[in-house]
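Data first, discussion second: the structure below is written as structure tokens.
Number of protein chains: 2
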Amino acid sequence: MYRTNTCGELRLGNAGMEVTLSGWVQASRDLGGMTFIDLRDRYGITQLVFNMEEDADLCMRARKLGREFVIQVTGSVRERTSKNPNRPTGDVEIVVSNLQTLNASNVPPFTIENETDGGEELRMKYRYLDIRRNPVQEKIIFRSKVALETRKYLSASNFIEVETPCLIKSTPEGARDFIVPSRINAGQFYALPQSPQTFKQLLMVAGMDRYFQIVKCFRDEDLRADRQPEFTQIDCEMAFVTREDILQTFEGLTQHLFKSILHLDLGTFPRMSYDDAMQRYGSDKPDIRFGMEFVELNDLAKDKGFAVFDDAELVVGICVPDQAEAYSNKQLNDLVEWVKRPQIGAKGMVNVKFLADGSIKSSVGKFYTDEQLKEWGHKAGAGANDMLLILSGETDKVRKQLNELRLEMGNRLGLRDPKVYKPLWVVDFALLEWDEEAQRFHAMHHPFTSPKATDIERMFSGDHETMKSLRADAYDLVINGVEIGGGSIRIHDRKLQEKNFKLLGFTPEEAENQFGFLLGAFEYGAPPHGGIALGFDRLCAMMKGETSIRDFIAFPKNNMGKDVMIDAPSPIDPEQLKELSLKLDVRP
Amino acid sequence: MYRTNTCGELRLGNAGMEVTLSGWVQASRDLGGMTFIDLRDRYGITQLVFNMEEDADLCMRARKLGREFVIQVTGSVRERTSKNPNRPTGDVEIVVSNLQTLNASNVPPFTIENETDGGEELRMKYRYLDIRRNPVQEKIIFRSKVALETRKYLSASNFIEVETPCLIKSTPEGARDFIVPSRINAGQFYALPQSPQTFKQLLMVAGMDRYFQIVKCFRDEDLRADRQPEFTQIDCEMAFVTREDILQTFEGLTQHLFKSILHLDLGTFPRMSYDDAMQRYGSDKPDIRFGMEFVELNDLAKDKGFAVFDDAELVVGICVPDQAEAYSNKQLNDLVEWVKRPQIGAKGMVNVKFLADGSIKSSVGKFYTDEQLKEWGHKAGAGANDMLLILSGETDKVRKQLNELRLEMGNRLGLRDPKVYKPLWVVDFALLEWDEEAQRFHAMHHPFTSPKATDIERMFSGDHETMKSLRADAYDLVINGVEIGGGSIRIHDRKLQEKNFKLLGFTPEEAENQFGFLLGAFEYGAPPHGGIALGFDRLCAMMKGETSIRDFIAFPKNNMGKDVMIDAPSPIDPEQLKELSLKLDVRP
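Chains A and B, in that order, give the protein sequences.
One gets the working numbering by counting positions in the first sequence from 1 and adding 85 to each.
One gets the working numbering by counting positions in the second sequence from 1 and adding 85 to each.
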């Protein structure tokens, strides 16, 4: 037996007990006659004390222990004279009578502290040391809690967790698949699932009624920061449901997770149509922790002789509260430069300050009278000391730009508190997106998404322009401007699914070849159904108020898709390729 | 809203209520003036009634509904005049006032009943229909329950569920890896994990203390019946533990699962050494639901002039109770033919019958006196009407043969009741197996298994023969003769791990190239640790008293590794291969 107790559980009430602990040497302090060691495990830190007078040999051995040595000690629990109120075990220490080194340690390449001196690359190479640090360990434990609560909640709501296969069929639609050569079936390949989409729909056809799975998904994308080739979803599907049933169910799940884990009451989630979200926030995932909603000024600002606005499709601004006096011209000029950066791409920015004394200052003061500018302020709800920031241009572009500016102002004014959570359902997305360049439609959600019931007739009978106006029965869950998940009511009718495939550019043969099993299933009593998938890594990060998902993943990959610790991917034995009936074809 | 209630919940107390139900048409009976429909969903079956006199039009429409049509009905709950006591909803029926067909269905290719007329291939092709059948649905729901209880129990025992990566590094040791070409890193490959072994060990080095995961694993093996290329493990690891801690913990988990789900008390699990298991049962996974333990007869049967026994390394038998009178000569001859089949491979079989009247009949009666045969019976504990079946030959071979015979006799005598569960820990396996053909050692468990503490010195200093005698700190959990899982205390010392790799034929370069990250981790304070992995598919099947795992997997693959429903694996677009810097190299 290596221990009677963990390093996190001894209290004053244990004083006098003989205990055995095992753990890592976190720190060691040598105070002449006494040596103190902080012994650490996952559960906490307990102070060990060695006394030169009582056992010189033992004390000498203790002094030689290095950081991160693994030791086992036996001793008696004693009340500390100088207590440490910051540590749950801070009232006691162990007077050690027996010490055994279980394993030595080299000096770690970075400090195992909350704040470490190790850079990203080094931490990833020695991830097993990085995870010893509290902030990383806490995130991994947090993730495990969120998973368990999710499972408990959904199981209690009659959902069945069903494991769907990892070795499936490659389909060119959507992102790129990772593929897996089959040895037994030479020249043939499995694909790793980008999501269990078709399987969960088949489970609905199979009568499972309510399905969920916390499941690994795979996308072979060119990696951006904070994208992982393998990621985890809370994947769900329900039969005999309307959108309302699904929103209620997963609003319930989200509320439960925040309540049970963070002790926070999220309240009822507001809903917003995609069109509204774009008009009011210039984003399909608005951060509604703060205001500064868009104010469209076409009717007031155009045709007054200011050519920039006259030529613009949309003149739109935000009202920044309480900053008219504080914001200097230099700051405003910096902000103009900021919006002109290529990442934002605005041509310029107009400001109107409503000063405390009632006067108005504006970068377009010579084109508009104070009365006209007051009307702008009136429409924007601007009060004394508020400031309008206005962009103009093509509608879609200017909305995106102003969205960026709004978020930036939210950051600068400290309005995006990571400990405040504002969930939102965005609904009524378009079904199809017209890709001007490729001259084809893309599914805005995915090819299995149903149009709204009221749009089905128009989908069968309408012309090309009609298709652009079809609404999907789709929805996204957004929290604090981050898309946590999305889903839709699915098509469950073969004819409608065929029509959708056709609109998306599939030939009947391609549709049959790739999704024949699903089309076939729709002919054997497919029930109405719909579902949702939540990004689990993202949800965990969001709940902890973090923006990066990386530390919520025990062994993440870097931006090149590499695991630098185990050195994967790596070349393989030529014999393996031969068995798989493959040859390398690497071009220089 | 598609339903106010499910098809499984209405009772007499609901009589008079107006309800809406949705589901599948299970059966329809047309009794002239009345039409009855059994409406089915996951939760049960509710009887619908349509009355020609009350609403002829509605009744006519109901008559046209085919099997597996999906319908929605509204009506009032009424007490049935002829109740069905075999159905929880059997006291009531719904007098339908409104009927809507939500989806039609073709005639299913097999009957959706507990006993179906569909063959395996057809059921797999239409798996979404097969899952509608109760026996399959129940198994999938059962699996989900076992998973949830496992997670609850382990989480309550301070285990953290950590997701380990699916895209890892290929290692030639063990079974064949599935590999995944990397597009971004041309010419390099990931492998799918055969188990998260090294990652869970790194999590122990990382201080996670107690890890578990219900996790998909992958092996590219030539498929035998009931092997799946992807399968699921309950994978666990603990730090600062001895074998005893691990056996206690997972005995506790197993007891909990049987208690909470099957309401069965398993009691304390007996333990048996590998050597004992082989000597007493000829198997490292003995079925201890019944006796017939091996009786070695060398001392009594050899050197008495019967050449077959004289030349044999081992003469060993089992005592079959109460069959001496019942077993005819024909049956015994059939049994001799049975053991001589190539799958068993015995040269013959000797029998000794101790008849009810005290007389003895034996196939070797002319070589041995009744007194001698009585001594055999005495050693075997044979009473009146018992029968000895004896094999002889090389020790290892004859034990395997007699194991098969013992299991066969257990089957024939109905001693292997699938509803009786007898767990067993098999311990003290050999560390290394000498492969005479390849002239090399194999790891009996895996290369990370520690020798028993008392054998470590001998491992560093011993000669070749010593290595064969090393015992591993390894253990298997066996229930009813099925290996449910296995594990070991791991090596946590770099030198010992290097020694083991060397014994297994790794050059230092190969060891470093494949497992350098683990060897490195052992130098930074690796704690003593060990773990276990339970076959989850197998455990679920065992608990349900089934021998096949296939129906516990929602979408299994066939013996060629194919999913015949989605048609995977399949050829891919040549463009995909090109992007992956690969070429097909299929030889005719």
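Just so it is clear, CB atoms sit at the ideal spot from N, CA and C, and this is done for glycine as well.
Let me know the secondary structure DSSP gives serine 72/B once reduced to three states. The structure shown does not extend to residue 72/B, since chain B is modelled only from 86 through 673, so no value can be given for it.
Given this structure, state the Cα-to-Cα distance separating proline 194/B from leucine 207/B, to the nearest angstrom. In the second sequence, residue 194/B corresponds to position 109, counting from 1. In the second sequence, residue 207/B corresponds to position 122, counting from 1. Proline 194/B and leucine 207/B: Cα-Cα distance of roughly 8 Å.
How should valine 405/A be labelled, buried or exposed, when 16 other C-beta atoms within 10 angstroms of its C-beta is the threshold for buried? Your numbering for residue 405/A matches position 320 in the first sequence. Valine 405/A comes out buried.
Under 9 Å between the Cβ atoms of phenylalanine 274/B and arginine 304/B? In the second sequence, the residue the question calls residue 274/B occupies position 189. In the second sequence, the residue the question calls residue 304/B occupies position 219. No; because the gap between Cβ atoms is not below 9 Å, this pair is not in contact.
Answer yes or no: does any C-beta atom of chain A fall closer than 9 Å to that of tyrosine 560/B? On the second sequence, residue 560/B is found 475 positions in, with the first residue counted as 1. Taking CB atoms only, tyrosine 560/B has no neighbour in chain A less than 9 Å away.
Helix, strand or coil at lysine 438/A [DSSP, three-state]: As a working mapping, residue 438/A is identified with position 353 in the first sequence. Here DSSP, grouped into helix, strand and coil, assigns lysine 438/A to strand.
For lysine 254/B, return the contacting residues in chain A, with the cut-off set at a CB-CB distance below 7 Å. Here the question's residue 254/B lines up with position 169 in the second sequence. The contacting residues are Ile651, Asp652, Ala653 and Ser655.
Is phenylalanine 586/A close to chain B? Criterion is C-beta to C-beta, closer than 9 Å. Residue 586/A sits at position 501 when you count from the first residue of the first sequence. Taking a beta-carbon distance threshold of 9 Å, phenylalanine 586/A does not count as an interface residue toward chain B.
DSSP has serine 267/B in a bridge; who is on the other side? By one-based count along the second sequence, residue 267/B stands at place 182. Per DSSP, none; premise fails for serine 267/B.
Helix, strand or coil at serine 368/B according to DSSP, with G and I counted as helix: As a first step, residue 368/B must be located in the second sequence, where it is residue number 283. Of the three classes helix, strand and coil, the one that applies to serine 368/B here is coil, per DSSP.
In the DSSP assignment, find the beta strand (DSSP E) that holds proline 508/A and state where it starts and stops. Here the question's residue 508/A lines up with position 423 in the first sequence. Proline 508/A -> beta strand (DSSP E) spans 508-512.
Chain A contact for histidine 577/B (CB, 9 Å cutoff): Counting from one through the second sequence, the residue named residue 577/B turns up at place 492. Closer than 9 Å: yes.
Own chain partners of aspartate 311/A with C-beta closer than 7 Å, once the 5 adjacent residues on each side are dropped: Counted from its first residue, the first sequence places residue 311/A at position 226. Closer than 7 Å at Cβ, skipping near neighbours: Ser633, Ile634 and Arg635.
Under a three-way DSSP split, which group does glycine 646/B fall into? In the second sequence, counting from the first residue as 1, residue 646/B sits at position 561. Correct three-state label for glycine 646/B: coil.
Around the C-beta of glutamine 599/A, are 16 or more other C-beta atoms found within 10 angstroms, so that it is buried, or is it exposed? What you label residue 599/A is simply residue 514 of the first sequence in a count that begins at 1. Glutamine 599/A is buried by the Cβ-count criterion.
Flag alanine 618/B as yes if its beta-carbon sits less than 9 Å from any beta-carbon of chain A, otherwise no. Translated into the one-based positions of the second sequence, residue 618/B becomes position 533. For alanine 618/B, not one C-beta of chain A is nearer than 9 Å to its own C-beta.
Could you pull the start and end residues of the beta strand (DSSP E) that aspartate 115/A belongs to? For the purposes of this step, residue 115/A is taken as residue 30 along the first sequence, with counting starting at 1. It spans 103-116 - the beta strand (DSSP E) in which aspartate 115/A sits, taken as one unbroken run.
I'd like to confirm the pairing. Which residues does DSSP put opposite tryptophan 559/B in its beta bridges? Within the second sequence, the letter at position 474 stands for residue 559/B. Sequence inspection shows alanine at residue 559/B; the tryptophan mentioned does not correspond to that position. Under DSSP, the beta-bridge partners assigned to alanine 559/B are Ser573/B.
If you count every other CB in all the chains shown that lies within 10 Å of the CB of leucine 97/B, and 16 or more means buried, which is it? Along the second sequence, read from residue 1 onward, the residue named residue 97/B stands at position 12. Burial call: exposed.
Go to glutamine 26/B, then tell me how far its beta strand (DSSP E) extends in each direction, as first and last residue. Shown here, chain B extends from 86 to 673; a query on residue 26/B therefore has no answer.
In whole angstroms, what is the alpha-carbon distance linking asparagine 188/B and glutamine 661/B? Position 103 of the second sequence, counted from the start, is the residue given in the question as residue 188/B. Position 576 of the second sequence, counted from the start, is the residue given in the question as residue 661/B. For the pair asparagine 188/B and glutamine 661/B, the Cα-to-Cα distance works out to about 38 Å.
Tell me whether proline 641/A, by its Cβ, gets closer than 8 Å to a heavy atom of the ligand FMN. In the structure on display, the ligand FMN does not appear, and there are no ligands present to speak of.
Contact list for proline 250/B against chain A, beta-carbon separation under 7 Å: Taking the second sequence and counting its residues from 1, the one referred to as residue 250/B is at position 165. Near proline 250/B (Cβ distances below 7 Å), the residues of chain A are Glu315, Phe640 and Asp648.
Short CB-CB distance (under 9 Å) between valine 104/B and chain A: One-based indexing of the second sequence puts residue 104/B at position 19. No, valine 104/B does not count as interfacial toward chain A.
Taking the straight line between their C-alpha atoms, what separation do you get for alanine 232/A and leucine 619/A? In the first sequence, counting from the first residue as 1, residue 232/A sits at position 147. In the first sequence, counting from the first residue as 1, residue 619/A sits at position 534. So the two alpha carbons sit approximately 12 Å from each other.
Check asparagine 418/B in the structure and name its three-state DSSP category. Stepping through the second sequence from its first residue, residue 418/B is reached at position 333. Per DSSP, reduced to three states, the secondary structure at asparagine 418/B is helical.
Using only the alpha-carbon positions, how far apart do serine 255/A and proline 266/A sit? Counted from its first residue, the first sequence places residue 255/A at position 170. Counted from its first residue, the first sequence places residue 266/A at position 181. Distance between the alpha carbons of serine 255/A and proline 266/A is about 11 Å.
With DSSP as the reference, label proline 194/B as helix, strand or coil. As a first step, residue 194/B is located in the second sequence; it is residue number 109 there, counting from the start. Proline 194/B falls in the coil class under three-state DSSP.
Does the Cβ of serine 554/B have 16 or more other Cβ atoms within 10 Å, making it buried, or fewer, making it exposed? Counting from one through the second sequence, the residue named residue 554/B turns up at place 469. With fewer than 16 other Cβ atoms from the protein chains shown falling within 10 Å of its own Cβ, serine 554/B counts as exposed.
Coil, strand or helix - cysteine 92/A by DSSP: Residue mapping note: residue 92/A aligns to position 7 of the first sequence, counting from 1. Here cysteine 92/A sits in coil by DSSP.
If I follow the unbroken beta strand (DSSP E) through threonine 159/B, where does it start and stop? To locate residue 159/B, count along the second sequence from 1; it is residue 74. Following the DSSP letters along the chain, one finds threonine 159/B inside the beta strand (DSSP E) bounded by residues 155-164.
Is it true that the segment 612-630 of chain B meets the segment 322-336 of chain B, where meeting means three or more beta-carbon pairs spaced less than 8 Å apart? In short, these stretches touch, since the Cβ pair count reaches three.
Taking the continuous alpha helix (DSSP H) assigned at cysteine 321/A, which residues delimit it? Your numbering for residue 321/A matches position 236 in the first sequence. Residue range 315-324 is occupied by the beta strand (DSSP E) that includes cysteine 321/A, with no alpha helix (DSSP H) assigned at that position.
Going by beta carbon distance, what residues of the same chain come within less than 7 Å of glutamine 340/A, once the five residues before and after it are set aside? The residue you call residue 340/A lines up with position 255 of the first sequence. So the list reads Leu351, once near-sequence residues are dropped.
Given a cut-off of 9 Å, decide if aspartate 123/A and serine 113/A are closer than it, judged by their beta-carbon atoms. Along the first sequence, one-based indexing puts residue 113/A at 28. Along the first sequence, one-based indexing puts residue 123/A at 38. Contact: yes.
Three-state secondary structure (DSSP) of arginine 125/B: As a working note, residue 125/B is residue 40 in the second sequence. If DSSP states are grouped into helix, strand and coil, arginine 125/B belongs with the strands.
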